[in-house]
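Trainee: Residue numbers (the UniProt record's numbering): 1 to 331. Could you have a look at this structure, given as structure tokens, before my questions?
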Amino acid sequence: MAQDKQARNKVTGARLIGVGSALPQRAFSNDELAAEFNLDTSDEWIRTRTGIQQRHIVSGDETAVSLAHKAAQRALDHAGKTADDVDAIIVATSTPDQVFPSVAVRVQAALGMERGFGFDVSAACSGFVYALTIGDSMIRSGQAKRIMVIGVEVFSRLLDWEDRSTCVLFGDGAGAVLLEAGAGEGEGILSTHLHADGRLGDLLYVDGAVGCTSGKVALKMHGREVFRHAVVNLAAAVDEALETNGLKGTDIQWMVPHQANLRIIDGMAKKLSLPSDRVVVTVDRHANTSAASIPLALDEAVRDGRIRQGDLVLMEALGGGLTWGSALIRM
């Protein structure tokens with residue numbers, strides 16, 4: 001018993017040791033999307049308002065589970081680990097294939113894991129930051145040594161394809177990170193900061209539920225109000241992360257934001273005095289993939305060599321709920 005207690009006391013924070021992502025095979029440019037769904041819109045209208053040029057949409061046998069599985073396997077490969085090395089899977093998603101079992105346990109089975117546990121987290125576009133926080137807390141408590149955290153969305157299931165104000169904004173995809181205990185002082189996940197305000201839930205919501213028989217599942221959004229709250233709340237969450245760690249905006253080497261709108265991303269970069277080449281942007285090619293957007297962008301920037309070991313990375317996101325949060329990580 002004394003040895004078990006001593007071992008728990010030695011548990012340190014979580015560090016990121018692997019990243020991975022997956023996108024559906026089919027990509028639609030703005031013009032292709034307009035033609036495919038007979039939308040009264042144009043490439044210029046979409047680009048000038050959002051920065052989006054294309055998005056990926058599932059087809060055939062592609063599902064939330066298949067995308068999450070691919071992203072997780074790539075994160076394992078990147079870390080040089082196998083499924084046997086993973087203690088838990090946490091999936092952030094608003095678009096599971098089934099009400100239950102969770103996407104997490106389906107991925108557990110697909111990876112061939114015969115141990116551990118898994119569950120899903122629903123916090124809309126902020127889901128990955130929420131799931132990352134839970135994973136970090138579980139590692140710090142000694143509940144697990146290695147945790148796969150995945151963000152995956154198949155938002156094409158939730159869209160009203162007659163509403164050009166929302167259907168052009170979203171895409172499908174998955175991203176994953178593998179967390180491991182062992183971060184020393186000033187390493188790994190330095191801090192995370194979560195917030196929610198249920199009074200603002202009607203600004204961005206889904207009318208209905210995935211799998212409901214009525215067929216009336218559709219995303220509803222009051223865009224201007226969401227934009228206004230995003231600017232204010234994300235700025236506060238970023239300030240909170242910096243103050244907690246005794247840092248200034250100029251100390252941040254990379255920002256990996258939720259990829260919702262290029263104007264919001266640019267506004268946050270200016271607040272931090274970050275040049276554009278220090279901000280990871282994928283919204284132009286992926287659109288808004290909700291809980292998948294941060295790990296998708298992170299995977300791209302790590303693999304192309306922009307983000308390196310030792311870099312200080314800031315993540316932030318806001319989504320339906322309203323939920324929002326930030327995370328500060330030393331890679």
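For glycine and all other residues, C-beta sits at the position ideal for the given N, C-alpha and C.
Pair every Cβ in the segment 162-181 with every Cβ in the segment 116-125, then say whether three or more of these pairs are closer than 8 Å.
Mentor: With the cut-off at 8 Å, the segment 162-181 and the segment 116-125 do not touch.
Trainee: Considering only the alpha carbon of each residue, which of Ala35, Ser94, Asp77 and Ser29 lies closest to Leu219?
Mentor: It is Ser94.
Trainee: Do you know how far the Cα of Gly112 is from the Cα of Ala317?
Mentor: Between Ala317 and Gly112, the C-alpha separation is close to 32 Å.
Trainee: What does the alpha-carbon distance come out to for the pair Leu328 and Asn38?
Mentor: When rounded, the distance between both Cα atoms is 42 Å.
Trainee: According to the neighbour-count rule (16 or more other Cβ atoms, all chains shown, within 10 Å of its Cβ), is Ser214 buried or exposed?
Mentor: Note on Ser214: pLDDT 47, under 50, position unreliable in the model; no value is reported.
Trainee: Helix, strand or coil for His69 per DSSP?
Mentor: Looking at His69 - three-state DSSP - the assignment turns out to be helix.
Trainee: Determine which residues share a DSSP beta bridge with Asp239 and list them.
Mentor: Paired residues: none, contrary to the question.
Trainee: For Pro24, is the classification buried or exposed, using 16 other Cβ atoms within 10 angstroms of its Cβ as the cut-off for buried?
Mentor: It is buried - the Cβ of Pro24 has at least 16 other Cβ atoms within 10 Å.
Trainee: With respect to 7 Å, is the separation between the Cβ of Ser126 and the closest non-hydrogen atom of the ligand MN below this value?
Mentor: Looking at this structure, you won't find the ligand MN or any other ligand, since it has none at all.
Trainee: Report the residue from Asn233, Phe155 and Arg278 whose alpha carbon sits nearest the alpha carbon of Ala287.
Mentor: Among Asn233, Phe155 and Arg278, the Cα nearest to that of Ala287 belongs to Phe155.
Trainee: Counting pairs of Cβ atoms below 8 Å between the segment 140-148 and the segment 82-99, do you hit three or more?
Mentor: The segment 140-148, when compared against the segment 82-99, does touch it at the 8 Å Cβ threshold.
Trainee: Could you pull out every residue in the same chain whose Cβ sits closer than 6 Å to the Cβ of Arg106, ignoring the five residues on either side in sequence?
Mentor: Val65.
Trainee: Does DSSP put Phe155 in a helix, in a strand, or in coil?
Mentor: Reduced to three states, the DSSP call for Phe155 is helix.
Trainee: With distances taken Cα to Cα, identify the nearest neighbour of Gly325 among Ala291, Phe119, Asp202 and Ala237.
Mentor: Per the Cα distances, Ala237.
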